[in-house]
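Engineer: Everything in the sequence shown is counted per my numbering, starting at 5 for the first residue and increasing by one. Ideal Cβ positions, reconstructed from N, Cα and C, are used throughout, including at glycine.
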Amino acid sequence: MSENEFPQSSLSDAEAPVERRRRTGGRGADRSRKGGSSSKYLNIVNTMAKSVVLSEDALEAIHDASLTILEEIGMDVILPEARDRMKAAGADVPPGTDRVRFDRGLIMDMIASVPSGFTMHARNPVRNVQIGGNNLVFAQIASAPFVADREGGRRAGNQEDFRKLVKLAQSYDIIHTTGGYPVEPIDIHASVRHLDCLSDMVKLTDKVFHCYSLGQQRNIDALEISRIGRGISAEQMETEPSLFTIINTSSPLRLDGPMLQGIIEMSSRNQVVVVTPFTLAGAMAPVTIAGAVVQQNAEALAGIAFTQMVRRGAPAMYGGFTSNVDMKTGAPAFGTPEYMKAVIAGGQLARRYNIPYRTSNTNASNTLDAQAAYESALSLWALTQGGGNFIMHSAGWSEGGLTASFEKFILDVDMLQMVAEFLTPLDVSEDALGLDAVRDVGPGGHYFGTAHTLARYETAFYSPILSDWRNFETWTEAGRPTTYDHANRVFKEKLNEYEKPPLDPAIEEELDAFVARRKAEGGVPTDF
């Protein structure tokens, strides 16, 4: 059986929910497209008023406390070249130590040059994404060590599952970019893993993708693969950001060598750096959410400021990933009220600095269950209302990010499409107000057969991928299928339908030659 061929689930067509059977085409339950470019989900704009959890005074208190941390305590910067650049920019770098302190004026001067918005360029221009302002961009789950589906259970990541998840990301327009390796394929040696994975990103998708900052050579290889994939010169790529990296601070108050090297390599070439502290309240940050957000803000500002020390005007994003831990076990908790407050507070801070905001769709459930759905729903509510621009781990995240779930991917796609539908402005045109239909029906009638309804019934409402709207008796006769059953069936159907996006043969040839040469050179050194 090839990787694109799956046995169909035990649900026959007759047993599938009637909503999906009735609406083939048009606004059917699974409304992705194959190869077209007219999807309404390519560009999502959130014009809703943003929620706040901080008053103006509270926002300024967090801002001021963050700058006090950078001035008085500072950050440990574990890369001599980075410390040298910071010193040259005016930071306080005492000799013989990793500690760097930043004057608040220096920080504010640096972050003032971060673009408030920019475009990330894909090899298919239809897939370009706008970052900043009211734009909302969804990226697939990234960096999970495990993968799961119902038949195979939870297992270590491998290349086959990696490729399947990348294909699913390509298959839905609501997933605007890949996020990284959706699962880490440990059956590929670490010395060449980035070469195989990024080559697959170019071949299996035509969307913007990510590179890991795990050493200078991996960044350099990723930059070249991205350039080859777009078929452009290095000079053009510097004017058109085409690759992004996530830079995680080592909380508390530390930037390590590979992350700093990643900023240097990416920002110097005008590529996108997303600085994201991982501040879990009670573990790597103060136990109070306010204290954790203060530390998040200090670490994010330090990293973002460094991008501008490398190159003024380089694109960057403010990342927030503050949540709490379960104080009984120490395990991270996600989709909690505390997470929601931190997400909204982070959005307020990002808007104060006029920097695009990255956040995440999270949950801590170990399977596809009610917890997975409600924690993700609360995450999505907070990031939408809080003004998130770039949403990592939007689809497939399970077990607190340890597992990429095929079924959860489909559930998330459905929820993301619902978010997009909710954000679509309400049509109040004369035709939409329907006065003629009301006149036709009058008191006591119904609208099923009116011309107004008949002209719109196929596209009037969002038709979910997974919701089962049959009555109890019909659902029981069909074997009482669950959301898990439907998601399992849909991801297999979608993979069977997958079509590889077109790629210029000359580009593919150049890409293969580059990967083969770098492999022959040994890739990157490892200690195993």
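Is it true that the region 44-56 meets the region 387-396, where meeting means three or more beta-carbon pairs spaced less than 8 angstroms apart?
Structural biologist: Yes: at least three Cβ pairs fall under 8 angstroms.
Engineer: DSSP three-state label for A374, please.
Structural biologist: Looking at A374 - three-state DSSP - the assignment turns out to be helix.
Engineer: For a quick check, are the C-beta atoms of A146 and P186 less than 8 angstroms apart?
Structural biologist: Yes, these two residues count as a Cβ contact at 8 angstroms.
Engineer: Roughly how many whole angstroms lie between the Cα atoms of A455 and P468?
Structural biologist: Near 25 angstroms, if we compare the C-alpha coordinates of P468 and A455.
Engineer: How would you call D431, buried or exposed, if buried means at least 16 neighbouring beta carbons within 10 angstroms?
Structural biologist: By the neighbour-count rule (16 or more Cβ atoms within 10 Å), D431 is not buried but exposed.
Engineer: Give me the residue from N475, R474, F452 and S471 with the minimum Cα distance to A464.
Structural biologist: Comparing Cα-Cα distances from A464 to each of N475, R474, F452 and S471, the minimum goes to F452.
Engineer: Can you tell which of F106, G350 and R474 has its C-alpha closest to the C-alpha of F282?
Structural biologist: Selected option, being the one with the closest Cα: G350.
Engineer: Answer yes or no: do V329 and A285 have a C-beta to C-beta separation smaller than 8 angstroms?
Structural biologist: Yes; because the gap between Cβ atoms is below 8 angstroms, this pair is in contact.
Engineer: Within 10 angstroms of its Cβ, does A309 collect 16 or more other Cβ (buried), or is it exposed?
Structural biologist: The residue is buried, with at least 16 neighbouring Cβ atoms inside 10 Å.
Engineer: Would you identify the three-state DSSP class for A62, choosing helix, strand or coil?
Structural biologist: A62: helix per DSSP, three-state reduction.
Engineer: For I178, count the other beta carbons within 10 Å of its own beta carbon; 16 or more makes it buried, fewer makes it exposed. Which is it?
Structural biologist: The residue is buried, with at least 16 neighbouring Cβ atoms inside 10 Å.
Engineer: If we count the other Cβ atoms within 10 Å of its Cβ and call it buried at 16 or more, is V291 buried or exposed?
Structural biologist: Looking at its Cβ environment, which holds fewer than 16 other Cβ atoms inside 10 Å, V291 is exposed.
Engineer: Leaving out five residues before and five after R316 in sequence, what residues of the same chain have Cβ atoms less than 8 angstroms from its Cβ?
Structural biologist: Closer than 8 angstroms at Cβ, skipping near neighbours: S117.
Engineer: Please state the DSSP three-state secondary structure of I359.
Structural biologist: Residue state, collapsed to three classes: coil.
Engineer: Any idea what DSSP makes of S254, helix, strand or coil?
Structural biologist: In this structure, S254 counts as coil in the three-state DSSP scheme.
Engineer: Counting along the chain, where does the beta strand (DSSP E) carrying T407 start and finish?
Structural biologist: Segment T407 to S409, the beta strand (DSSP E) holding T407.
Engineer: Give a yes or no on contact between the region 260-268 and the region 291-305, applying the rule of three or more CB pairs nearer than 8 angstroms.
Structural biologist: At 8 angstroms Cβ cutoff, the stretches do not touch.
Engineer: Which residue or residues does DSSP assign as beta-bridge partners of R103?
Structural biologist: R103 pairs with D80.
Engineer: Can you list, in chain order, the residues of its chain with a C-beta nearer than 6 angstroms to that of T487? Leave out the 5 residues immediately preceding and following it.
Structural biologist: So the list reads L470, once near-sequence residues are dropped.
Engineer: So M321 and I359 are supposed to be a Cβ contact under 8 angstroms. How far apart are they, rounded?
Structural biologist: M321 to I359, Cβ: 7 angstroms. Contact.
Engineer: Let me know if Y343 comes out buried or exposed under the rule of 16 or more other beta-carbons within 10 Å of its beta-carbon.
Structural biologist: It counts as buried.
Engineer: Is the region 416-434 touching the region 217-231, taking contact as three or more C-beta pairs under 8 angstroms?
Structural biologist: With the cut-off at 8 angstroms, the region 416-434 and the region 217-231 do not touch.
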